[in-house]
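Residue numbers (the working numbering): 85 to 185. Note that the Cβ used here is the ideal one computed from N, Cα and C, for glycine as well. First the structure, in the form of structure tokens, and then the observations on it.
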């Protein structure tokens, strides 16, 4: 399965649109045509990845929301969860100001 939905998005285009966008995208993402084709061929599980800025440019180009170009879900833990897991207290800022009466 493709790591990114680039091919899927391009398949939705007409023949003329596909032909034009295939020529324009490398200029837009500031990469060679070979690099763009390599991005299109990335498979789930591959170590290689597309730089985040390029992914965002492609998402905007294809009218996708943030994260919709990827065919995978990024999983991780928040700082809060990691602190709790490692028994590190969250320090709350204290208000050192005194209220005048």
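Where residue i falls: helix, strand or coil (DSSP)
i	result
residue 165	helix
residue 120	helix
Straight-line gap, residue i to residue j (C-alpha atoms, nearest Å)
i	j	result
residue 148	residue 141	10 Å
residue 104	residue 173	55 Å
residue 171	residue 161	15 Å
residue 112	residue 106	11 Å
residue 154	residue 110	19 Å
residue 151	residue 89	11 Å
residue 156	residue 97	23 Å
residue 164	residue 108	43 Å
Beta-ladder partner(s) of residue i, from DSSP
i	result
residue 196	Absent from the structure is residue 196, since the part of the chain shown begins at 85 and ends at 185.
residue 154	88
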